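Going down the list, the sequences are from chains A and B. First residue of the first sequence? That's 26 in the numbering used here, and the numbers climb one at a time after it. First residue of the second sequence? That's 33 in the numbering used here, and the numbers climb one at a time after it. Ideal placement from N, C-alpha and C gives every residue a C-beta, glycine not left out. Fair warning: this is a prediction, and the values are worked out from it, not measured in the lab. Right, one structure below, let's go through it.
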Amino acid sequence: MTKSPEKRFLSAILGYKKILYRSVNIFYNIISIYKVMKTLIDIESGKPVRILKIAGGKRVRQHLQCLGIHTGDIVTLKKNSFLGGPILLEINGYDVAIGKGVASKIEVEEIE
Amino acid sequence: MKIAFIGQPNAGKSTIFNGLAGYKTITANFPGQTVHYTISKVKVGDETFEIVDLPGIYSLTAIDRAEFEARKYILSGQADVVINVIDASTLSRSLELTLQLTELQVPMVICLNMMDEARRKGMQIDSYKLSRIFGVPVIETIANKGAGLDKIFESSKEAYSKKLIPKIQYFHKDIEEKIEEVKKLIPSEIFKNFPRRYIAVKLLEGDTEIAEDFDKYPELTEKINKIKEEIRNTHGKHSDVVISSERHALTMDIFEEVSKLGEPLRTMREKIDNLLMNKYLGYPLLIFILFAIFMVVFEAGKLLEVPLMNIFESIEKILPTLIQEDSLHFFIAKGLIEGFSGGVGIAIPYLIPFFIGLAILEDIGYLPRMAFLMDTVMHRIGLHGKSVLPFVISYGCNVPGVMASRILESPRDRFITATLSVLIPCAARTTIIFGLVGAYIGGLAAAGLYIFNIIIIMIVGKIMTKFIPEISPGLIMEIPPLRIPAIKNIYMKTWFRLKDFTVIALPLLIISSVFLSLLQYFKIDVIINKLISPFVSFLLGLPEASGIVLLFGILRKELSMIMLFQAMHTTDLNTVMTNIQLITFTIFIIFYMPCIATIGVMIKEVGIRKAIIITFLTIILAMFLSTVVRLILSII
Numbered sequence: 026m027t028k029s030p031e032k033r034f035l036s037a038i039l040g041y042k043k044i045l046y047r048s049v050n051i052f053y054n055i056i057s058i059y060k061v062m063k064t065l066i067d068i069e070s071g072k073p074v075r076i077l078k079i080a081g082g083k084r085v086r087q088h089l090q091c092l093g094i095h096t097g098d099i100v101t102l103k104k105n106s107f108l109g110g111p112i113l114l115e116i117n118g119y120d121v122a123i124g125k126g127v128a129s130k131i132e133v134e135e136i137e
Numbered sequence: 033m034k035i036a037f038i039g040q041p042n043a044g045k046s047t048i049f050n051g052l053a054g055y056k057t058i059t060a061n062f063p064g065q066t067v068h069y070t071i072s073k074v075k076v077g078d079e080t081f082e083i084v085d086l087p088g089i090y091s092l093t094a095i096d097r098a099e100f101e102a103r104k105y106i107l108s109g110q111a112d113v114v115i116n117v118i119d120a121s122t123l124s125r126s127l128e129l130t131l132q133l134t135e136l137q138v139p140m141v142i143c144l145n146m147m148d149e150a151r152r153k154g155m156q157i158d159s160y161k162l163s164r165i166f167g168v169p170v171i172e173t174i175a176n177k178g179a180g181l182d183k184i185f186e187s188s189k190e191a192y193s194k195k196l197i198p199k200i201q202y203f204h205k206d207i208e209e210k211i212e213e214v215k216k217l218i219p220s221e222i223f224k225n226f227p228r229r230y231i232a233v234k235l236l237e238g239d240t241e242i243a244e245d246f247d248k249y250p251e252l253t254e255k256i257n258k259i260k261e262e263i264r265n266t267h268g269k270h271s272d273v274v275i276s277s278e279r280h281a282l283t284m285d286i287f288e289e290v291s292k293l294g295e296p297l298r299t300m301r302e303k304i305d306n307l308l309m310n311k312y313l314g315y316p317l318l319i320f321i322l323f324a325i326f327m328v329v330f331e332a333g334k335l336l337e338v339p340l341m342n343i344f345e346s347i348e349k350i351l352p353t354l355i356q357e358d359s360l361h362f363f364i365a366k367g368l369i370e371g372f373s374g375g376v377g378i379a380i381p382y383l384i385p386f387f388i389g390l391a392i393l394e395d396i397g398y399l400p401r402m403a404f405l406m407d408t409v410m411h412r413i414g415l416h417g418k419s420v421l422p423f424v425i426s427y428g429c430n431v432p433g434v435m436a437s438r439i440l441e442s443p444r445d446r447f448i449t450a451t452l453s454v455l456i457p458c459a460a461r462t463t464i465i466f467g468l469v470g471a472y473i474g475g476l477a478a479a480g481l482y483i484f485n486i487i488i489i490m491i492v493g494k495i496m497t498k499f500i501p502e503i504s505p506g507l508i509m510e511i512p513p514l515r516i517p518a519i520k521n522i523y524m525k526t527w528f529r530l531k532d533f534t535v536i537a538l539p540l541l542i543i544s545s546v547f548l549s550l551l552q553y554f555k556i557d558v559i560i561n562k563l564i565s566p567f568v569s570f571l572l573g574l575p576e577a578s579g580i581v582l583l584f585g586i587l588r589k590e591l592s593m594i595m596l597f598q599a600m601h602t603t604d605l606n607t608v609m610t611n612i613q614l615i616t617f618t619i620f621i622i623f624y625m626p627c628i629a630t631i632g633v634m635i636k637e638v639g640i641r642k643a644i645i646i647t648f649l650t651i652i653l654a655m656f657l658s659t660v661v662r663l664i665l666s667i668i
């Protein structure tokens, strides 16, 4: 099966679009380093925060979702990371421990 | 009538099940205790109910083995009524599973368990309102105190006879329209017994297992993909993310409608919890608690062991008067008695206090806190906090230690943790460390061996994680509240585990003991000593007669010391063996091949192929370490 010229043209455009999207994405990522982005390991104990973004793979996201942690949720940081140890979060009355690696992928904002 | 219990991990399904059926499964204050399901028949009045305890699942999206089992069972349509057990104190996330269960359209009862815990947290739950929203009975229970359990059968019967199928909670209109579109696409010949809506939602969520069945209909898959693409375009997110956030939004709506959050009671528990998990005090407390438990285990074990061993010794003494010495019957009888005395007289006295201590730690909920504290240390060897639990258990006995490795999520972590657990000196090997090195060389040398052991375990862990470099998913674990353990539960749990040991390990101990005795009868032990003397004498520099002791330590480690005395014909080992030889011997004993009961349980947990690999690796490791230590010590 050979592709018709129109289809080949179309896929070329689509491929170009993909590259464009990707470069915009990379550019955005570079900029976002300079923005002050706070993750769960940058917050002091006892502060309520809102989760803005959960970076990381689908498995981690699903696991967090299972324990009731979603983007947009408001959680309280009970204990912050000590010597690279895990953090302790409180969500609607129960506690979840999250390792430092995972916690550093959860972007949050402080709320008053 | 068949009743299935389904709910999230640590919601108390097994506790309810045990409360209704007598003690059948192990419970703990630790998420993910049940892996396989248990079925039991209960007679109430003149009716027989069949109750099924399913593994805890967070959602119907099967991501691990336990979830897959539970989902398969519910979908098979075997259950007449499903009881959704909810830990009331985690209602906000538990309702997400409830929402998914409604899609299955089976008669249901919602059981709000741990109501006392919720009240302590200042939560007020309006169960009447919850019942009205879902259209099914809602009951309140406190399972570990047995409160409210009597209502379970009654409301199950009600749900069954009145066909109380939960009302579907609808998502936003635009998503519902898409679900409707997918529903119409599903051909009538497949998934006949499943509710259409459930299939449609799962297809939009991209469930791989259900999508597989659609492989026969490529044009259908294309249409569904088109709908998914449309959702993506309108919402800017993948359709599975859209569905899960819709569900989350619905859950929060219901949660806010039925519950009120007040001030939690700041009790003693909170203060103790803060102390246990304190970043400075937590660690000394951890060491103190473990040390205290092992002291109690050894002291209590000794109290039980001495009188028991006296009985067995006196039986062995009168044996020559009953059966003619040097006959085949005599050797078989001797092997049987030694097998029993090893299992009943030595292992069980230490196992009983150990199991009690472990049960108390589990039910209080200290183990997840321990995992929290040890997470950093475990990351050094490429694992995460949860692995510490199998390690601690292994100091008592490797068999339950290897079994405990199943709490880890990834197969890779399970394999590494099980392997490292095997290297930890169990109670039997501890007697050798103290009996040989401790007694003849000194306590400091014995302590040194423990530290040496821990260092080697860390190095082996590091090497293994280098060879299997998959990234550990990291610690994500619920920390359940501290609870006061119920005495009945601890008693039943100890009994249950002891029964497990008697069924798996004890027969192996007795059979191998008889086997050993027979070898002595046929004088094969001398031949074996000669055969393996290149390793024993040349490589390790040990007396030739100790060969059989090392070889049969595979069968029974706790007898190694007694056998060494027998083989060397003396109890003053320092007259026939040098200090270096004693240390070499002990190091070999610590690291090589776990006992036969451990191999048995390894086969069950990681499969026969990996079990054999681990066994051979430990032999090579033991050879290597004892040779190196011997060489270093002889130079010094």
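Chain-ordered chain B contacts of residue i [CB-CB under 9 Å]
| i | result |
| --- | --- |
| tyrosine 119 of chain A | Asp119, Ser121, Thr122, Ser124, Arg125, Lys153, Glu510, Ile511, Pro512 and Pro513 |
| valine 127 of chain A | Pro505, Gly506, Leu507 and Ile508 |
| glycine 71 of chain A | The premise fails here: glycine 71 of chain A is roughly 12 Å from chain B at the closest Cβ pair, so nothing lies under 9 Å. |
| leucine 65 of chain A | Those within 9 Å of leucine 65 of chain A in chain B number zero; the least Cβ separation is about 12 Å. |
| leucine 39 of chain A | Ordered by position in chain B, no residue passes the 9 Å Cβ test against leucine 39 of chain A, which lies about 14 Å from the chain. |
Reduced DSSP secondary structure (H/G/I, E/B, other) of residue i
| i | result |
| --- | --- |
| serine 291 of chain B | strand |
| arginine 669 of chain B | No statement about residue 669 of chain B is possible, as the shown extent of chain B runs from 33 to 668 and does not include it. |
| isoleucine 91 of chain A | It should be pointed out that residue 91 of chain A corresponds to cysteine in this sequence rather than to isoleucine. Of the three classes helix, strand and coil, the one that applies to cysteine 91 of chain A here is helix, per DSSP. |
| glycine 64 of chain B | A caution first: glycine 64 of chain B carries a pLDDT of 48, below 50, which makes its placement in the model unreliable, though a value can still be read off. DSSP places glycine 64 of chain B in coil when its eight states are reduced to three. |
| serine 549 of chain B | helix |
| tyrosine 119 of chain A | strand |
| arginine 125 of chain B | helix |
| glutamate 31 of chain A | helix |
| phenylalanine 81 of chain B | strand |
| leucine 77 of chain A | strand |
| asparagine 145 of chain B | strand |
| phenylalanine 37 of chain B | strand |
| threonine 299 of chain B | coil |
| isoleucine 68 of chain A | coil |
| alanine 179 of chain B | strand |
| glutamate 135 of chain B | coil |
Contact set for residue i: own chain, Cβ-Cβ below 8 Å, skip 5 residues either direction
| i | result |
| --- | --- |
| methionine 600 of chain B | Pro575, Ala577, Ser578, Val608 and Met609 |
| asparagine 117 of chain A | Gly93 |
Residues near residue i in its chain [Cβ-Cβ closer than 6 Å; skip 5 each side]
| i | result |
| --- | --- |
| threonine 134 of chain B | Pro198 and Ile200 |
| glycine 64 of chain B | Note that glycine 64 of chain B scores 48 on pLDDT, short of 50, meaning its location in the model is unreliable and no value can be drawn from it. |
| arginine 152 of chain B | Leu297 |
| cysteine 91 of chain A | none |
| leucine 665 of chain B | Ile612 |
| glycine 573 of chain B | Arg662 |
7 Å Cβ cut-off: residues of chain A touching residue i
| i | result |
| --- | --- |
| glycine 397 of chain B | Chain A residues near glycine 397 of chain B: none, gap ~11 Å exceeds 7 Å. |
| histidine 416 of chain B | Gly124 |
Which residues DSSP lists as bridging residue i, in chain order
| i | result |
| --- | --- |
| leucine 102 of chain A | A:Leu114 |
| methionine 155 of chain B | B:Leu293 |
| isoleucine 560 of chain B | According to DSSP, isoleucine 560 of chain B bridges with nothing at all. |
Nonlocal neighbours in the same chain, by C-beta distance under 7 Å from residue i, ignoring five residues either side
| i | result |
| --- | --- |
| isoleucine 222 of chain B | Asp245 |
| leucine 582 of chain B | Val568 and Phe620 |
| serine 437 of chain B | Pro422, Arg446, Thr449, Ala450, Ser453 and Glu637 |
| tyrosine 553 of chain B | Leu360 and Phe363 |
| serine 159 of chain B | Leu144, Val170 and Glu172 |
Under 8 Å from the C-beta of residue i: neighbouring residues of chain A
| i | result |
| --- | --- |
| leucine 293 of chain B | Asn117 and Gly118 |
Under 7 Å from the C-beta of residue i: neighbouring residues of chain B
| i | result |
| --- | --- |
| isoleucine 123 of chain A | Leu507 and Ile508 |
| phenylalanine 107 of chain A | Lys311 |
Interface residues of chain A facing residue i [CB-CB closer than 9 Å]
| i | result |
| --- | --- |
| lysine 531 of chain B | Correct list: empty, because the minimum Cβ distance to chain A is about 33 Å. |
| phenylalanine 203 of chain B | Within 9 Å Cβ-Cβ: nothing; phenylalanine 203 of chain B doesn't reach chain A, min ~15 Å. |
Check whether residue i and residue j have beta carbons under 7 Å apart
| i | j | result |
| --- | --- | --- |
| isoleucine 118 of chain B | alanine 43 of chain B | yes |
| leucine 129 of chain B | serine 163 of chain B | no |
| leucine 514 of chain B | arginine 301 of chain B | yes |
| leucine 653 of chain B | phenylalanine 623 of chain B | yes |
| valine 141 of chain B | serine 187 of chain B | yes |
Residues that residue i contacts on chain B, provided the C-beta gap is smaller than 8 Å
| i | result |
| --- | --- |
| lysine 104 of chain A | Met309 and Lys311 |
| glycine 110 of chain A | Lys311, Phe404, Leu405, Asp407 and Thr408 |
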